[in-house]
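Visitor: Before anything else, here's the structure in question.
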Amino acid sequence: DAGITQSPRYKITETGRQVTLMCHQTWSHSYMFWYRQDLGHGLRLIYYSAAADITDKGEVPDGYVVSRSKTENFPLTLESATRSQTSVYFCAVKGQTNTGELFFGEGSRLTVL
Amino acid sequence: GIQVEQSPPDLILQEGANSTLRCNFSDSVNNLQWFHQNPWGQLINLFYIPSGTKQNGRLSATTVATERYSLLYISSSQTTDSGVYFCAVKENTNAGKSTFGDGTTLTVKP
Numbered sequence: 102d103a104g105i106t107q108s109p110r111y112k113i114t115e116t117g118r119q120v121t122l123m124c125h126q127t128w129s130h131s132y133m134f135w136y137r138q139d140l141g142h143g144l145r146l147i148y149y150s151a152a153a154d155i156t157d158k159g160e161v162p163d164g165y166v167v168s169r170s171k172t173e174n175f176p177l178t179l180e181s182a183t184r185s186q187t188s189v190y191f192c193a194v195k196g197q198t199n200t201g202e203l204f205f206g207e208g209s210r211l212t213v214l
Numbered sequence: 004g005i006q007v008e009q010s011p012p013d014l015i016l017q018e019g020a021n022s023t024l025r026c027n028f029s030d031s032v033n034n035l036q037w038f039h040q041n042p043w044g045q046l047i048n049l050f051y052i053p054s055g056t057k058q059n060g061r062l063s064a065t066t067v068a069t070e071r072y073s074l075l076y077i078s079s080s081q082t083t084d085s086g087v088y089f090c091a092v093k094e095n096t097n098a099g100k101s102t103f104g105d106g107t108t109l110t111v112k113p
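Written out as structure tokens, the structure is:
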């Protein structure tokens with residue numbers, strides 16, 4: 102969706118390096134999410150945020166750090182990248198109602214060598 | 004947490020055929036969505052359907068919340084329908100998180 106921008110779209114890095122993936126939304130909606138998608142699998146939740154300065158772990162949080170100082174931005178940091186973190190990362194934003202729809206960014210493909 | 008199972012895992016169709024994809028979930032939900040992931044990796048919202056039936060062109064979806072399943076119907080399939088179809092559910096007890104199934108990979112042959 103045009104309201105969600107992920108950057109970079111493609112990244113190659115080496116084991117042990119720090120990498121930050123950025124997610125930006127233009128709507129100022131409360132909930133934002135980071136998912137990872139590995140080959141042949143569905144999406145697994147890494148972290149999510151209910152509002153600025155409120156974050157919580159998802160299903161697979163190990164090795165990742167998030168922050169949310171501004172409502173519009175939700176960066177995901179791999180502090181010391183590992184090969185197992187090679188994946189496609191999707192940011193999502195939830196509509197404003199409690200049962201609101203999820204909208205996804207275009208994804209960031211990360212390769213860790 | 005809630006379990007989401009999609010079937011079949013893979014489906015191959017001839018162009019023009021119809022198909023039904025299923026999503027079973029293990030607990031009460033207040034949100035269910037169907038997504039199509041195209042060959043370029045984009046996740047496209049198809050339906051937001053916590054209950055009832057909706058139709059959009061050749062696609063329709065039905066969710067029977069009391070029986071904990073949802074069906075996605077694709078009629079007169081086209082090669083552009085190829086890709087992976089995911090359902091995602093949000094539990095009644097959880098304020099924000101959605102859980103995805105592993106998807107159904109659809110290949111439509113010309």
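Here the protein sequences come in this chain order: A and B. When we follow this note's numbering, the leftmost residue of the first sequence carries the number 102, and every step to the right adds one. When we follow this note's numbering, the leftmost residue of the second sequence carries the number 4, and every step to the right adds one. The beta-carbon is built from N, C-alpha and C at its ideal position, and this holds for glycine as well.
1. Going by alpha carbons, who is nearest to B/THR102 out of A/SER185, A/GLU207, A/HIS142?
2. Check for me: the beta strand (DSSP E) holding B/SER73 runs from which residue to which?
3. Rounded to whole angstroms, what's the CA-CA distance from B/SER73 to B/ASN48? Just pull it up for me.
4. Within 10 angstroms of the Cβ of B/LYS112, are there 16 or more other Cβ atoms? Answer buried if so, exposed if not.
5. What residues from chain A crowd round B/ALA91, counting only those whose CB sits closer than 9 Å?
6. How long is the line joining the alpha carbons of A/LEU122 and A/TRP128, rounded to whole angstroms?
7. How should B/TRP43 be labelled, buried or exposed, when 16 other C-beta atoms within 10 angstroms of its C-beta is the threshold for buried?
8. At the 8 Å Cβ level, is A/GLY164 part of the contact set with chain B, yes or no?
9. Is the beta carbon of B/THR110 sitting closer than 8 Å to the one on B/PRO12?
10. Can you check whether the C-beta of B/ASN41 is within less than 8 Å of a C-beta belonging to chain A?
11. Any beta-carbon of chain A closer than 8 Å to the one on B/GLY55?
12. Express the C-alpha separation of B/PHE38 and A/GLY88 in angstroms, rounding to a whole number.
13. Assuming B/ARG71 contacts B/SER29 (C-beta within less than 8 Å), just tell me the rounded distance between them.
14. List, in order along the chain, the chain A residues whose C-beta lies closer than 7 Å to that of B/LEU46?
15. List the whole-angstrom C-beta distance separating A/GLY208 from A/VAL189, where the pair is believed to meet the contact cut-off of C-beta under 8 Å.
Guide: Taking the geometry as given:
1. A/HIS142
2. 72-77 is the span of the beta strand (DSSP E), which, as asked, contains B/SER73.
3. 15 Å
4. exposed
5. GLY143, LEU144, LEU203
6. When rounded, the separation of the alpha-carbon atoms in A/LEU122 and A/TRP128 is 19 Å.
7. exposed
8. no
9. no
10. no
11. no
12. Missing from the structure shown is residue 88 of chain A; chain A here goes from 102 to 214 and no further.
13. Rounded, the Cβ-Cβ distance is 7 Å, consistent with contact.
14. PHE191, PHE205
15. 5 Å
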